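Residue numbers (the numbering used here): 1278 to 1726. Ideal placement from N, C-alpha and C gives every residue a C-beta, glycine not left out. All values derive from a computational prediction rather than experimental measurement.
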Amino acid sequence: MILEYIQQLPRSTFNRLYEQPSTCLALLRLLPALAKHIVMRLLYAEGKVAMSDIQSWCYDDSTGRLKEDLTTLSKFHIVGAENDSSGLFVSINEIYRRNLHNALVGGGQNASFGQPADSKDKHPVDISHLDTYAAEAWEAVLHYLVGTPTDRRPKAVMKLLEHSGLMARIQETGPDGSPELRITNKGFQFLLQDVNVQVWAFLLQYLEMADELSMDPVDVLNFLFQLGSLELGQGYSVDALTETQRHMLDDLKHLGIVYQRKKKSSRFYPTRLATSLTSGTMVTAKASDEAGFIIVETNFKVYAYTSSPLQIAVLSLFVSMRARFANMVIAQITRDSIREALSNGISAEQIIAYLQTHAHPEMKRALPILPETVVDQIRLWELERNRVKALPGYLWKDFGKVAAYKDVLNYAMSLGYVTWYSDERKMFVVSGEGQQRVKDYYAKRKDQQ
1278 MILEYIQQLP RSTFNRLYEQ PSTCLALLRL LPALAKHIVM RLLYAEGKVA MSDIQSWCYD
1338 DSTGRLKEDL TTLSKFHIVG AENDSSGLFV SINEIYRRNL HNALVGGGQN ASFGQPADSK
1398 DKHPVDISHL DTYAAEAWEA VLHYLVGTPT DRRPKAVMKL LEHSGLMARI QETGPDGSPE
1458 LRITNKGFQF LLQDVNVQVW AFLLQYLEMA DELSMDPVDV LNFLFQLGSL ELGQGYSVDA
1518 LTETQRHMLD DLKHLGIVYQ RKKKSSRFYP TRLATSLTSG TMVTAKASDE AGFIIVETNF
1578 KVYAYTSSPL QIAVLSLFVS MRARFANMVI AQITRDSIRE ALSNGISAEQ IIAYLQTHAH
1638 PEMKRALPIL PETVVDQIRL WELERNRVKA LPGYLWKDFG KVAAYKDVLN YAMSLGYVTW
1698 YSDERKMFVV SGEGQQRVKD YYAKRKDQQ
């Protein structure tokens, strides 16, 4: 996800990014295995390397993958290729090489990997505290997404949710003057993703808003990659950060990515959400949630063995709650509850996917996992809403002769542009994209007569 974003940056931006050793190391971690191997071999090579030598670094059956990874490295401006009289040669970007070398063996800017706080914290923070803080902060973000009532809604988070398309306005302002938002189709799909994917999706939106927030995108990217290289449980000095990065601290702590006791604290701590950004490890949900907790019966009753307010809030988006106990809720899938979810942009397939993903282990023993009657009915309820589909088009009518009507109709139908026609009334509708071609054909036909 982040790699696709970086590939679109101009070359001048890459050179600025590669001035930071932490960014060079983070990007190396995110590359495919063979690409990493190529970079490490080129790192200590003197000058340019012949393509024939690079091909000898991997097995013959990996030639296709080698070509793909060299293309990837070229898109990141890490390597470049050039032809001369001796053949094709590959060389590594000198700025990237120098700073990756500094990251691996030391040297260069020490602050690139953060500046550890040089004094003991009066309020000690351990890893378990950071994990709890990160989990609660990120769960709070998801609560905002599903619409759980709360008095505390950070403006930066709500702006990100709206800007990313995960939530949409239903009216300009609510009772407190803030915009009223509700979850969208994209937002519900977001809930089905892994935590790491969710975090990067948020951070990419933050990057896209950098100009709007008067931030330097390069500074923002460098800080995100720096966070991925920091040590979990270690406190770092705020003094070594730029003005942009200090502003980011205030936003990122609402997401649970960093912990800072007070806004004016002289130190901050990266949480596991931060240190896993470029490590390749996954931050997982609670074990009980991963195991599955939902049982769906053929009579459309739903039993959810969970006490998580978040999971209950997500379920309530498409079921009708009937009873709630200490560790379980009982709900019913009804026509009205599904239609309410559909009107909010959630699709039938997303509801089915959520129920399958979080199905209880007992249900996963059988195939299909969900009762077919329930799955079919949810899809039928969606089809009820889709019986009429509006399409833009142009009405053709008032043909002088039947032959002219038939000729133009057959031409439009042969190209697949006709969405409706009536031989009795001698009229038809052409789709928006086909209007000009049919119009040109009709004009040409009239000229030939």
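Take residue 1618, set aside five residues on each side of it, and the residues of its chain with a beta-carbon closer than 6 Å to its own are 1594, 1595, in chain order.
Taking all protein chains shown into account, residue 1370 has 16 or more neighbouring C-beta atoms within 10 Å of its C-beta and is therefore buried. Between the beta-carbon of residue 1420 and that of residue 1643 there is about 33 Å, and that puts the pair past the 8 Å contact cut. Contact annotation: residue 1433 and residue 1531 have beta-carbon atoms nearer than 9 Å. If you check the CB distance, residue 1484 and residue 1504 do not come in under 9 Å. Excluding sequence positions up to five before and after residue 1518, its CB lies less than 6 Å from no other CB in the same chain. Just measuring C-alpha positions, the residue of 1337, 1350, 1321 sitting nearest residue 1307 is 1350.
Only residues of its own chain outside the window of five on either side were considered, and among them 1570 have a CB closer than 6 Å to the CB of residue 1583, listed in chain order.
Residue 1577 holds the alpha-carbon nearest to the alpha-carbon of residue 1597 among 1604, 1587, 1577, 1585.
If you look at residue 1329, you'll find it in the alpha helix (DSSP H) that goes 1328–1332. For the pair of segments examined, the region 1350–1360 was found to touch the region 1309–1326: the number of CB pairs separated by less than 8 Å reaches three. Membership of residue 1578 in the beta strand (DSSP E) is indicated by the continuous run 1578–1581.
Distances from the alpha-carbon of residue 1723 to those of 1709, 1710, 1677 put 1677 closest. Judged by DSSP in its simplified three-state form, residue 1548 adopts coil rather than helix or strand. In the DSSP secondary-structure assignment, residue 1359 is bridged to 1366.
Residue pairing by DSSP places residue 1389 opposite no residue, since no beta bridge is assigned to it.
If you look at residue 1640, you'll find it in the alpha helix (DSSP H) that goes 1638–1641. Straight across, the Cα-Cα distance linking residue 1538 with residue 1404 is about 14 Å. Restricting attention to 1716, 1708, 1423, the CA atom closest to the CA of residue 1667 is found in 1708. Relative to the Cα of residue 1372, the nearest Cα in the group 1575, 1411, 1634, 1297 belongs to 1297.
For residue 1300, the uninterrupted alpha helix (DSSP H) run begins and ends at 1298–1307, by DSSP. DSSP places residue 1279 in the uninterrupted alpha helix (DSSP H) bounded by 1279–1284.
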